[in-house]
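Below is one structure, written out as structure tokens; comments come after it.
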Amino acid sequence: MSQLTDFNNAGYSVAKSIMGTTSFTIGGGASVQVIEAEQRHDREAEMNGFEASARLTLVCSRVDFVASYSSALKSYVGKICVHDGQGWRVGDIEGGAAYITINLISRTEVS
110 MSQLTDFNNA
120 GYSVAKSIMG
130 TTSFTIGGGA
140 SVQVIEAEQR
150 HDREAEMNGF
160 EASARLTLVC
170 SRVDFVASYS
180 SALKSYVGKI
190 CVHDGQGWRV
200 GDIEGGAAYI
210 TINLISRTEV
220 S
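So for the sequence shown, our numbering puts the first residue at 110; every next one is plus one.
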């Protein structure tokens, strides 16, 4: 591993201990511990009232994610997942050297 990866992993460990983690699974697969980065809830006017939507950004260690989900990252986009007991859909997913960022959307939204 590079020194930058070692630094990032050490920082992630500290963040996990301060912020805490929650469980996340894709399609009933193995559980991965993630950190909640952001939440967004809104609603938009539609023809017959309001349409509510929600978005959630999660971050996890690349090592932890790949240990449970080894397929190409793009294969998880659109899949149903569960975070902390609530159903979501993977809107998009980003992979870096040390982290995976998973952006979830409401199950009824289409990305």
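Note that CB positions come from ideal geometry on N, CA and C, so glycine has one too.
Check: residue i C-beta below 6 Å from any heavy atom of the ligand MN
i: residue 194; result: Inclusion of the ligand MN in the displayed structure is not the case, the ligand content being empty and no account of it being possible.
Integer-rounded CB distance, given that residue j should sit under 8 Å from residue i
i: residue 185; j: residue 199; result: 5 Å
Pick from the options that is closest to residue i, judged by C-alpha positions
i: residue 202; options: 174, 139, 195, 193; result: 174
i: residue 188; options: 147, 127, 130, 215; result: 215
i: residue 195; options: 131, 181, 127, 111; result: 131
i: residue 165; options: 152, 144, 180; result: 144
i: residue 176; options: 163, 140, 129, 128; result: 140
Outcome for residue i when other beta-carbon atoms lying within 10 angstroms are tallied against a minimum of 16
i: residue 211; result: buried
i: residue 135; result: buried
i: residue 170; result: buried
Inter-residue spacing [alpha-carbon to alpha-carbon] between residue i and residue j
i: residue 149; j: residue 190; result: 17 Å
i: residue 161; j: residue 213; result: 15 Å
i: residue 204; j: residue 156; result: 38 Å
i: residue 138; j: residue 178; result: 8 Å
i: residue 142; j: residue 153; result: 32 Å
i: residue 180; j: residue 115; result: 24 Å
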